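Following: one structure in structure tokens, then a few remarks.
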Amino acid sequence: DTGVSQDPRHKITKRGQNVTFRCDPISEHNRLYWYRQTLGQGPEFLTYFQNEAQLEKSRLLSDRFSAERPKGSFSTLEIQRTEQGDSAMYLCASSPPGTGGHGYTFGSGTRLTVV
Amino acid sequence: RKEVEQDPGPFNVPEGATVAFNCTYSNSASQSFFWYRQDCRKEPKLLMSVYSSGNEDGRFTAQLNRASQYISLLIRDSKLSDSATYLCVALNYGQNFVFGPGTRLSVLP
């Protein structure tokens, strides 16, 4: 499979627990993005990596959220002390350099439910 | 005010109809624009890019008006399989996408 892979597909957690999601981008893509999508809304940008460097973070990314891409390949998104408002689809996307958005590919997402 | 705005719909149209979606954006520095399609509980997938000169792909036509900061998508001869949410997207300087809330389309038999 040469697409963007996300794991797990679904996660149910109790409020207050920590969760971690993983994203494996397309191997030639040096840019990796995380988005969050709630019901009835479009995806909202969270953060973006170019190789291992985290270049931009949205103000939506509160202190409870942290993202890493340690070797410039896969990335993890951790949410600490989850709240019910964190329930959403978390989408990862990757793109190659210099394509101006045309090479964007999304993964299937991780659906988080906080109970 | 959201940076990219769309009428959320739903648009309920019969098969064969022509339907048009509109989108406005507020950031005049946005570089590129796209229409994405999203099926229920799936990831967004690129439908087409949007250019000032217009872009046509089969039954789909997209248009950008930079002066009015307005984007459109026209679907001709609607099919049942066109039922989905259509997301208007702007690419900003930082290379992240800004999505509109989406317009829901239901094509009815």
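Protein sequence lines, in the order shown, are assigned to chains A and B. Residues in the first sequence are numbered consecutively from 49, following the numbering used here. Residues in the second sequence are numbered consecutively from 1127, following the numbering used here. Positions of the beta carbon are idealized from the N, C-alpha and C atoms, including for glycine. For clarity, every value in this text was computed on a predicted model and none was experimentally measured.
Report the residue from the options whose alpha carbon sits nearest the alpha carbon of residue i.
i, options, result
"S1204/B", "L1217/B, M1174/B, F1186/B", "F1186/B"
"Y138/A", "G149/A, A115/A, G64/A", "A115/A"
"C1166/B", "A1216/B, F1225/B, D1208/B", "D1208/B"
"H150/A", "Y1212/B, N1222/B, V1139/B", "N1222/B"
For residue i and residue j, I'd like the C-alpha separation in whole angstroms.
i, j, result
"T95/A", "K1171/B", "20 Å"
"I60/A", "G51/A", "25 Å"
"I1201/B", "N1148/B", "12 Å"
"S1188/B", "K62/A", "Reading the sequence as shown, one finds Ala at residue 1188/B and not Ser. Looking at the two C-alpha atoms, the distance is approximately 44 Å."
"C71/A", "S1178/B", "35 Å"
"R84/A", "E1141/B", "33 Å"
"I1197/B", "C1214/B", "8 Å"
"L160/A", "L109/A", "16 Å"
"R112/A", "T153/A", "27 Å"
"Q1195/B", "F97/A", "29 Å"
"P91/A", "K105/A", "15 Å"
"N1181/B", "V1130/B", "20 Å"
"Q65/A", "F1159/B", "38 Å"
"G1226/B", "Q132/A", "24 Å"
Mind pulling the chain B residues with CB within less than 8 Å of residue i?
i, result
"Y138/A", "The premise fails here: Y138/A is roughly 11 Å from chain B at the closest Cβ pair, so nothing lies under 8 Å."
Mind checking whether the beta-carbon of residue i lies closer than 7 Å to any heavy atom of the ligand GDP?
i, result
"D134/A", "Summarising the ligand content, the structure contains no ligands, and the ligand GDP is consequently not present."
Can you tell me the Cβ-Cβ gap for residue i and residue j, rounded? I've got them flagged as a contact below 8 Å.
i, j, result
"P118/A", "E76/A", "About 19 Å; that fails the 8 Å criterion."
If the cut is a Cβ gap below 7 Å, which residues of chain B does residue i touch?
i, result
"F154/A", "E1169, P1170"
Under 7 Å Cβ-Cβ, which residues of chain A neighbour residue i?
i, result
"S1158/B", "G148, G149"
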